[in-house]
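A.B. asks:
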Amino acid sequence: MKRRTFIALAGAFAALKALRLRAAEAGHDASPVIALFGATARSGREIIRQGLERGCIIKGFARTPSKLGIEHENLTLFKGDIYERHTIDPVLEGHEVVVSMIGAPAPEDPSAEIGPVDIYSVMGENLIAAMKQKGNTRLIMASSTGVEHRMDIDSPKPPPGDLTERWRWLARRLYHDMWRMEEMIASSGLDYMLLRPGFMVEEPARHNLKFNTTGNTPGARVITYEDFAAFILDNLNGGDYWNRALGMYSDTVMDPAAEIEKFLARQKAAQEAAAQEPKSR
Ligand SMILES: NC(=O)c1ccc[n+]([C@@H]2O[C@H](COP(=O)([O-])OP(=O)(O)OC[C@H]3O[C@@H](n4cnc5c(N)ncnc54)[C@H](OP(=O)(O)O)[C@@H]3O)[C@@H](O)[C@H]2O)c1
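Take the position in the sequence shown, starting the count at 1, then add 8; the result is the number in my numbering.
Structure (structure tokens):
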């Protein structure tokens, strides 16, 4: 082979390799592996549904993986509890985008004061430590608009009447703990998105999300889980919303009394369904 031909071929080969590498990197970035904590959360399920439709590879973490009821070649489930650090470690290999939808359960009695809460701050501590150990750099965490409207722990009980104001007081410990988690994540050195959604409903997407980064997101606004999940999947790779706390809301105002009614009706239906199930011996 002539020297000039050899040099031309070697050059073409090197260019092809560089192109392949860029394509591989772009491919990796276009569809990063998601490590999803809170796979059985309503939002987690929606992320899984839409993520699998988009061809994402998902590692789901849940206390009871069998509750999810979804099997797919691109979905691997891990059993664990966010309070137990050793159950988090096996999920991470260093390259995943970590997404957490874990949260305190809704109170059984929506009119009762929520007691001490530490799940968010413990989760923040455990996830940050596990990510740093494994080399993961990107964390998307569900928080809440309620963080921006939180009351001090020592605030006096508001007079009866305004249900939104009452909820701020009842849930003040929960939002305080969420805020502590946000502070940890923002100062962790990781790349992060702290998502502060309004009230989420299991209804079809409305494509009406609005965003606020100034800390005064309008309160008591309704968004759908579908829109919330789609936003997360659209922004896995970085962009303007990263390294911020992001209020997510819509122009639809929540009616607290109607939502409490719906919640109680759902709770009653779930209890009746559980009572119908055959008892295991
Ligand atoms: N829903 C809303 O309107 C709303 C509004 C603003 C912010 N948020 C926040 O957004 C996040 C997601 O909301 P969501 O409505 O999708 O949540 P959700 O349906 O209430 O689910 C909460 C999830 O957390 C999991 N979990 C609780 N304790 C855990 C533990 N110790 N270890 C592992 N997993 C645990 C639950 O697992 P199990 O299935 O095992 O119970 C469940 O998967 C939460 O942080 C919530 O506070 C929600």
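Glycine included, C-beta positions come from ideal geometry on N, C-alpha and C.
These figures come from a predicted structure and were not determined experimentally.
Would you kindly work out how many angstroms separate the C-alpha atoms of THR222 and ALA43, rounded to a whole number?
C.D. replies: Counting from one through the sequence shown, the residue named residue 222 turns up at place 214. Counting from one through the sequence shown, the residue named residue 43 turns up at place 35. Answer to the nearest angstrom: the Cα atoms are 29 Å apart.
A.B. asks: For LEU29, name the three-state secondary structure that DSSP assigns.
C.D. replies: For this step, residue 29 is matched to residue 21 along the sequence shown. Note on LEU29: pLDDT 27, under 50, position unreliable in the model; the coordinate value appears next. If DSSP states are grouped into helix, strand and coil, LEU29 belongs with the helices.
A.B. asks: What are the uninterrupted segments assigned as beta strand (DSSP E) that are 3 or more residues long and contained completely in the segment 95–163, given in chain order?
C.D. replies: Fully enclosed beta strand (DSSP E) runs of 3 or longer: 105–108, 146–150.
A.B. asks: Under three-state DSSP, which class holds GLY35?
C.D. replies: The count along the sequence shown starts at 1 and reaches residue 35 at position 27. Since pLDDT at GLY35 reaches only 42, below the 50 mark, its modelled position is unreliable, and the value read off the structure follows with that caveat. Correct three-state label for GLY35: helix.
A.B. asks: Measuring from the CB of ILE303, is there a heavy atom of ligand 1 at a distance below 8 Å?
C.D. replies: The structure shown does not extend to residue 303, since the chain is modelled only from 9 to 289, so the question has no answer here.
A.B. asks: Based on Cα-Cα distance, which residue from ASP117, GLU92, ALA47, ARG158 lies nearest to THR172?
C.D. replies: Here residue 172 refers to the residue found at position 164 of the sequence shown. Of the candidates ASP117, GLU92, ALA47, ARG158, the one whose C-alpha sits nearest the C-alpha of THR172 is ARG158.
A.B. asks: Looking only at C-alpha atoms, which of GLY111, ILE127, GLY227 sits nearest to PRO8?
C.D. replies: The first residue shown for the chain is 9 and the last is 289, placing residue 8 beyond what the model contains.
A.B. asks: For ILE231, does the three-state DSSP call read helix, strand or coil?
C.D. replies: One-based indexing of the sequence shown puts residue 231 at position 223. It is a strand residue.
A.B. asks: Got a sec? Which residues, its chain only, sit under 7 Å from GLY143 by beta carbon, not counting five neighbours each side?
C.D. replies: Position 135 of the sequence shown, counted from the start, is the residue given in the question as residue 143. Excluding sequence neighbours, GLY143 sits near GLY102.
A.B. asks: In the DSSP assignment, find the alpha helix (DSSP H) that holds THR172 and state where it starts and stops.
C.D. replies: Here residue 172 is taken as the residue at index 164 of the sequence shown, counted from 1. Looking at the DSSP string, the run of the alpha helix (DSSP H) that includes THR172 is 171–178.
A.B. asks: Compute the beta-carbon to beta-carbon distance between ARG146 and VAL105, rounded to the nearest angstrom, for a pair I have assumed lies under 8 Å.
C.D. replies: Here residue 146 is taken as the residue at index 138 of the sequence shown, counted from 1. Here residue 105 is taken as the residue at index 97 of the sequence shown, counted from 1. Contact between ARG146 and VAL105 holds, with the beta-carbon distance rounding to 5 Å and staying under 8 Å.
A.B. asks: Give the straight-line distance between the Cα atoms of ALA138 and ARG93, rounded to the nearest whole angstrom.
C.D. replies: To locate residue 138, count along the sequence shown from 1; it is residue 130. To locate residue 93, count along the sequence shown from 1; it is residue 85. For ALA138 and ARG93, the distance between alpha carbons rounds to 8 Å.
A.B. asks: Any heavy atom of ligand 1 within a distance shorter than 8 Å of the CB on MET109?
C.D. replies: If you number the sequence shown from 1, residue 109 lands on position 101. Correct: MET109 has its Cβ closer than 8 Å to ligand 1.
A.B. asks: Return helix, strand or coil for ALA213, following the three-state DSSP convention.
C.D. replies: By 1-based counting over the sequence shown, the position of residue 213 is 205. Reduced to three states, the DSSP call for ALA213 is coil.
A.B. asks: Alpha carbon to alpha carbon, how far is GLY169 from LYS276? Give it in angstroms, no decimals.
C.D. replies: Start at 1 with the first residue of the sequence shown, and residue 276 comes out as number 268. Start at 1 with the first residue of the sequence shown, and residue 169 comes out as number 161. If you take the alpha carbons of LYS276 and GLY169, they lie about 25 Å apart.
A.B. asks: ASP199 by DSSP, collapsed to three states: which one?
C.D. replies: As a working mapping, residue 199 is identified with position 191 in the sequence shown. Three-state result, ASP199: strand.
A.B. asks: State the Cα-Cα distance for the pair ALA179 and LEU241, rounded to the nearest angstrom.
C.D. replies: Indexing the sequence shown from 1 puts residue 179 at position 171. Indexing the sequence shown from 1 puts residue 241 at position 233. For ALA179 and LEU241, the distance between alpha carbons rounds to 29 Å.
A.B. asks: How about LYS75: is its Cβ closer than 8 Å to a heavy atom in ligand 1?
C.D. replies: As a working note, residue 75 is residue 67 in the sequence shown. Yes, ligand 1 has a heavy atom inside 8 Å of this Cβ.
A.B. asks: Please state the DSSP three-state secondary structure of TYR249.
C.D. replies: In the sequence shown, residue 249 corresponds to position 241, counting from 1. Note: TYR249 maps to coil in three-state DSSP.
A.B. asks: Counting along the chain, where does the beta strand (DSSP E) carrying LEU85 start and finish?
C.D. replies: For this step, residue 85 is matched to residue 77 along the sequence shown. Run containing LEU85: 83–87, per the beta strand (DSSP E) assignment.
A.B. asks: So, using beta-carbon positions, are PHE207 and ARG229 closer together than 9 Å?
C.D. replies: By 1-based counting over the sequence shown, the position of residue 207 is 199. By 1-based counting over the sequence shown, the position of residue 229 is 221. Cβ atoms of PHE207 and ARG229: closer than 9 Å.
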